[in-house]
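> Numbers 4 to 240, taken from this note's numbering, label the letters of the sequence shown in order. Before I ask anything, let me first share the structure, which is written out below as structure tokens.
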Amino acid sequence: WALAAGGHLGVGNDPVYVKTRCFDTFPFPICSEEQKVSIRARAEELDAHRKRQQGLFPNLKMTDMYNVLEKLRAGEPLEEREQEVYEEGLIAVLKEIHDKLDIAVADAYGWPANLTSDEILQRVVALNAERAREEQNGTIRWLRPEYQQPQAVAVQTGLGITAEQAPAAVRAKKLEWPSALSEQVQLVKDSLRSNQMLGVDEVAGRFIRARRTRIQEILETLAALGQIRRVNDRYVI
Numbered sequence: 004w005a006l007a008a009g010g011h012l013g014v015g016n017d018p019v020y021v022k023t024r025c026f027d028t029f030p031f032p033i034c035s036e037e038q039k040v041s042i043r044a045r046a047e048e049l050d051a052h053r054k055r056q057q058g059l060f061p062n063l064k065m066t067d068m069y070n071v072l073e074k075l076r077a078g079e080p081l082e083e084r085e086q087e088v089y090e091e092g093l094i095a096v097l098k099e100i101h102d103k104l105d106i107a108v109a110d111a112y113g114w115p116a117n118l119t120s121d122e123i124l125q126r127v128v129a130l131n132a133e134r135a136r137e138e139q140n141g142t143i144r145w146l147r148p149e150y151q152q153p154q155a156v157a158v159q160t161g162l163g164i165t166a167e168q169a170p171a172a173v174r175a176k177k178l179e180w181p182s183a184l185s186e187q188v189q190l191v192k193d194s195l196r197s198n199q200m201l202g203v204d205e206v207a208g209r210f211i212r213a214r215r216t217r218i219q220e221i222l223e224t225l226a227a228l229g230q231i232r233r234v235n236d237r238y239v240i
């Protein structure tokens with residue numbers, strides 16, 4: 004979801020986590036109290052396990068633990084240092100906790116626990132679109148209503164892609180940033196044509212080697228000319 008909803012940065016097309024797009028629009032499950040307790044217990048068990056093992060082995064890095072976990076899931080052989088990480092991090096236990104957490108979350112969504120990553124993404128995108136339609140009719144499913152303001156704006160703005168397109172969107176490459184100003188302006192306007200409200204970083208993340216200052220300058224100019232609208236720090240056609 005974060006890869007599909009977030010931006011990209013730099014020559015390496017590195018993914019960028021944008022809170023307003025990745026977290027605020029994420030369609031969390033509508034859990035029963037029993038399901039909340041189950042998920043919370045698994046999450047706290049996961050947090051405690053990682054902290055405990057890193058406390059016992061100060062050189063044990065989180066990235067190393069999850070690289071080994073991925074190889075374990077893929078059935079790939081471990082190199083010497085990876086075997087040390089496996090033992091220090093109790094990676095088999097880490098995998099078991101994650102598997103239990105995945106099952107608990109799938110149950111909260113009412114989904115099978117054996118879906119592939121692409122199938123999960125398709126369902127999340129479809130649920131996001133469903134929530135967006137609900138919000139247009141005045142129903143907002145707050146994640147934590149005791150902290151969120153009822154008068155706040157709707158959060159499910161949608162990705163602008165279908166559930167079937169979602170896996171491909173994750174793998175999509177950024178566009179080259181042209182040198183001509185007229186072409187730059189046109190690309191910036193095109194990036195807003197999905198009727199999504201985007202921030203400067205989100206627009207810049209769609210292009211290779213695009214300077215944030217130039218993107219902001221173009222957006223502000225278009226807004227001043229009345230060709231796009233600015234709402235707080237976001238823009239839309």
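In this text, a Cβ means the ideal position worked out from N, Cα and C, and glycines have one as well. Keep in mind that this is a model prediction, so the values were computed, not measured.
If you draw a straight line from the C-alpha of K22 to the C-alpha of G10, how long is it?
By 1-based counting over the sequence shown, the position of residue 22 is 19. By 1-based counting over the sequence shown, the position of residue 10 is 7. Approximately 11 Å between the Cα atoms of the pair.
> Find out if the Cβ-Cβ distance for the pair V88, D121 is shorter than 8 Å.
What you label residue 88 is simply residue 85 of the sequence shown in a count that begins at 1. What you label residue 121 is simply residue 118 of the sequence shown in a count that begins at 1. The answer is no: Cβ separation not under 8 Å.
> Determine contact between the stretch 108-122 and the stretch 31-39, defined as no fewer than three beta-carbon pairs at a distance below 8 Å.
yes
> Taking just the CA atoms, how far does L225 sit from P181?
In the sequence shown, counting from the first residue as 1, residue 181 sits at position 178. In the sequence shown, counting from the first residue as 1, residue 225 sits at position 222. Approximately 18 Å, taken between the alpha carbons.
> Find out if the Cβ-Cβ distance for the pair L63, I94 is shorter than 8 Å.
Here residue 63 is taken as the residue at index 60 of the sequence shown, counted from 1. Here residue 94 is taken as the residue at index 91 of the sequence shown, counted from 1. Not a contact, by the Cβ cut-off of 8 Å.
> Report yes if the C-beta distance between L228 and Y238 is below 8 Å; otherwise report no.
The residue you call residue 228 lines up with position 225 of the sequence shown. The residue you call residue 238 lines up with position 235 of the sequence shown. No. Outside cutoff.
> Is DSSP giving Y69 helix, strand or coil here?
On the sequence shown, position 66 is the one that residue 69 refers to. Three-state DSSP puts Y69 in a helix.
> For L49, which of helix, strand or coil comes out of DSSP?
As a first step, residue 49 is located in the sequence shown; it is residue number 46 there, counting from the start. L49: helix per DSSP, three-state reduction.
> Use the C-beta contact count for Q56: other C-beta atoms within 10 angstroms, 16 or more gives buried, fewer gives exposed.
Counted from its first residue, the sequence shown places residue 56 at position 53. Buried, by the Cβ-count rule.
> Throw me the rounded Cβ distance for the R209 and I240 pair, which I believe falls under 8 Å.
As a working mapping, residue 209 is identified with position 206 in the sequence shown. As a working mapping, residue 240 is identified with position 237 in the sequence shown. Not quite, the Cβ-Cβ distance comes to about 15 Å (not below 8 Å), so this is no contact.
> Where do the N-terminal and C-terminal ends of the beta strand (DSSP E) with D193 fall, by residue?
What you label residue 193 is simply residue 190 of the sequence shown in a count that begins at 1. Not the beta strand (DSSP E): D193 falls in the alpha helix (DSSP H), residues 184-194.
> With DSSP as the reference, label V19 as helix, strand or coil.
For this step, residue 19 is matched to residue 16 along the sequence shown. DSSP places V19 in strand when its eight states are reduced to three.
> Which term fits V127, buried or exposed, when burial requires 16 or more other beta carbons within 10 angstroms of its beta carbon?
Here residue 127 refers to the residue found at position 124 of the sequence shown. Burial of V127 is indicated by the presence of at least 16 other C-beta atoms within 10 angstroms of its C-beta.
> Out of curiosity, what's the CA-to-CA distance linking I143 and R134?
As a first step, residue 143 is located in the sequence shown; it is residue number 140 there, counting from the start. As a first step, residue 134 is located in the sequence shown; it is residue number 131 there, counting from the start. The straight-line gap from Cα to Cα measures roughly 8 Å.
> Going by DSSP, name the residue or residues bridged to G10.
Within the sequence shown, the letter at position 7 stands for residue 10. V19.
> Decide if L241 is buried, meaning its Cβ has at least 16 other Cβ atoms within 10 Å, or exposed.
Only positions 4 to 240 of the chain appear in the structure, and residue 241 is not among them; the question remains open.
> Quick one: Cα of E73 to Cα of A213, how far?
What you label residue 73 is simply residue 70 of the sequence shown in a count that begins at 1. What you label residue 213 is simply residue 210 of the sequence shown in a count that begins at 1. Distance between the alpha carbons of E73 and A213 is about 33 Å.
> On the DSSP bridge assignment, give the partners of V96 in chain order.
If you number the sequence shown from 1, residue 96 lands on position 93. DSSP lists no partner for V96.
> According to the neighbour-count rule (16 or more other Cβ atoms, all chains shown, within 10 Å of its Cβ), is T28 buried or exposed?
The count along the sequence shown starts at 1 and reaches residue 28 at position 25. The residue in question, T28, is buried, as its Cβ has 16 or more Cβ neighbours within 10 Å.
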